[in-house]
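Take the sequence shown: its position 136, counting from 1, is numbered 329 in my numbering, and each next residue is one higher.
Glycine is no exception: its CB is placed at the ideal position from the N, C-alpha and C atoms.
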Amino acid sequence: MQRTPIHDEHIRLGAKMVWFAGWDMPIQYTSIIDEHMAVRAKAGAFDVSHMGDFLIRGKGAGDLVNTLCTNDVQSQPVGKCVYAHICDDQGRILDDTIVTVLGDDEFFMVPNAATTQKMEKWIRGHLHGPELLDMSTRLACIAVQGPVAKDVMAAITSADLSTLKYFWGGFYQLDRIDNQNTKLVTDLLHGRGHKHGAGVMAFVSRTGYTGEDGFEIVCENADAVAVWKAVLDKGTPLGLKPAGLGARDTLRLEKGLLLSGTDFDGSQTSVQTGPGWVIDWMHDFIGKQAMIQQKSEGKYDKLVCMLVEDRGIPRHGYEILHDGDKVGTATSGTLSPVLKKGIAMGYVPVELAAVGTEVRIRIREADAAARIVKPPFVKRG
194 MQRTPIHDEH
204 IRLGAKMVWF
214 AGWDMPIQYT
224 SIIDEHMAVR
234 AKAGAFDVSH
244 MGDFLIRGKG
254 AGDLVNTLCT
264 NDVQSQPVGK
274 CVYAHICDDQ
284 GRILDDTIVT
294 VLGDDEFFMV
304 PNAATTQKME
314 KWIRGHLHGP
324 ELLDMSTRLA
334 CIAVQGPVAK
344 DVMAAITSAD
354 LSTLKYFWGG
364 FYQLDRIDNQ
374 NTKLVTDLLH
384 GRGHKHGAGV
394 MAFVSRTGYT
404 GEDGFEIVCE
414 NADAVAVWKA
424 VLDKGTPLGL
434 KPAGLGARDT
444 LRLEKGLLLS
454 GTDFDGSQTS
464 VQTGPGWVID
474 WMHDFIGKQA
484 MIQQKSEGKY
494 DKLVCMLVED
504 RGIPRHGYEI
514 LHDGDKVGTA
524 TSGTLSPVLK
534 KGIAMGYVPV
544 ELAAVGTEVR
554 IRIREADAAA
564 RIVKPPFVKR
574 G
């Protein structure tokens, strides 16, 4: 089992640890609801160092990334972060990812923790010139999420990150962190303008998995504890709390964000999961023709969001019914801490996927009334 560079800090804070995708990770520190509400109201700090870190560079890197990704990455300006799916020849999703444009022939890709090895193998199978560097075990990532995240970041760097737009990123000196490590050993951070003795060099993006404003800080493993401690030290007076995977899951579900391996498991296409903008039909990518055929035939199950009107908490695997017949299965479900109602995601036939359609979810022995809604369940803030 792998441990992140911040593992000992989680133990010191009394976190409840669980196995996740081969990593020993904090699921909660106090309670999932407490941490969830802190992120919605103020801010939370997450250790997401288990996520993958790929650098794709060299001649032809842009063509490769666009061939792999459903969205158009290559034509975006330097600093833009792009959410995309990576699919097989049949259009089935292998993983979802965020890719940042670092230059004409340089891209930073973040695969999910459980799929990092699979994605490395898949990408290497399509390499014809560019270089793929897997830095997943050499880099750490700390996510600062919530309405006051920008204030927390202002306390650890003199750079004005308030001007960094949503889904953009760049290299910054976290110069308000007292840190002794100045050795940059990864190709992602080395040679990006680090000033000796000026805190921590990091890649910072205005991205996240909570639906709130927030930032993700990618740094060298050796700098991770210093960044984590600084975020908690400066953030705690502002209402920030450390948060675990439990809150991360309920937060993303309130926003209708996909969970790899749960909301898609290798048998669904991007047409089925959405969102629609994840596919740029104007460029060629692996799986495109299969998805064009699927759309034209119009016979497939579609991922929907469902708000439960009755009492009960929907869970993964629960049956979805329409007019008394089973029509689908829930993939994710929980009790929304904000709405105090059950919320779920799941697949139903595309003809039943319209917003407002009434369904029922079999929760234990009872069938709870629910209706299909447009995501997110909870708007920002």
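So, are the CB atoms of residue i and residue j less than 7 Å apart?
i                 : j              : result
threonine 443     : histidine 229  : yes
glutamate 512     : alanine 562    : no
valine 275        : alanine 336    : no
alanine 231       : lysine 434     : yes
methionine 394    : leucine 381    : no
aspartate 368     : serine 355     : no
proline 270       : aspartate 288  : no
tyrosine 365      : valine 411     : no
cysteine 280      : glycine 480    : yes
glycine 237       : glycine 339    : yes
phenylalanine 300 : valine 341     : no
isoleucine 554    : leucine 500    : no
valine 294        : methionine 302 : no
lysine 495        : valine 543     : yes
phenylalanine 239 : arginine 385   : no
threonine 309     : glycine 245    : yes
leucine 545       : histidine 515  : yes
histidine 243     : tryptophan 212 : no
alanine 423       : isoleucine 472 : no
tryptophan 421    : glutamate 202  : yes
methionine 484    : valine 497     : no
isoleucine 226    : proline 507    : no
isoleucine 204    : proline 323    : no
valine 571        : glutamate 409  : no
phenylalanine 457 : threonine 466  : yes
Assign residue i to one of three DSSP states: helix, strand, or coil.
i              : result
proline 435    : strand
valine 337     : strand
histidine 321  : coil
glutamate 413  : strand
serine 463     : helix
glutamine 267  : coil
tryptophan 212 : strand
serine 489     : helix
proline 430    : helix
isoleucine 204 : helix
aspartate 246  : coil
methionine 394 : strand
isoleucine 225 : helix
glutamate 544  : helix
isoleucine 370 : coil
methionine 230 : helix
methionine 484 : helix
valine 501     : strand
aspartate 477  : coil
arginine 553   : strand
arginine 399   : coil
arginine 441   : helix
aspartate 217  : strand
alanine 348    : coil
isoleucine 472 : coil
aspartate 380  : coil
isoleucine 199 : coil
lysine 572     : coil
Does the Cβ of residue i have 16 or more other Cβ atoms within 10 Å, making it buried, or fewer, making it exposed?
i              : result
valine 548     : exposed
aspartate 344  : buried
histidine 319  : exposed
proline 430    : exposed
aspartate 282  : exposed
histidine 383  : exposed
alanine 559    : exposed
serine 329     : buried
aspartate 297  : exposed
arginine 399   : buried
lysine 492     : exposed
tryptophan 474 : exposed
serine 489     : exposed
glutamine 267  : buried
lysine 567     : exposed
proline 468    : exposed
glycine 207    : exposed
serine 460     : exposed
So residue i packs on residue j, CB below 8 Å; how close in whole Å?
i              : j             : result
arginine 331   : threonine 379 : 5 Å
glutamine 195  : glycine 439   : About 20 Å; that fails the 8 Å criterion.
isoleucine 286 : threonine 524 : Actually they are not in contact, since the Cβ atoms of isoleucine 286 and threonine 524 sit about 13 Å apart, beyond 8 Å.
asparagine 372 : alanine 419   : 4 Å
glycine 251    : histidine 321 : Actually they are not in contact, since the Cβ atoms of glycine 251 and histidine 321 sit about 11 Å apart, beyond 8 Å.
### Query
Can you list the alpha helix (DSSP H) stretches of 4 or more residues lying completely in the region 269–309, in chain order?
Runs found: none.
### Task
Any chance you could list the alpha helix (DSSP H) runs of at least 4 consecutive residues sitting entirely within the region 506–536, in chain order?
If only uninterrupted alpha helix (DSSP H) runs of at least 4 residues are considered, none is enclosed by the region 506–536.
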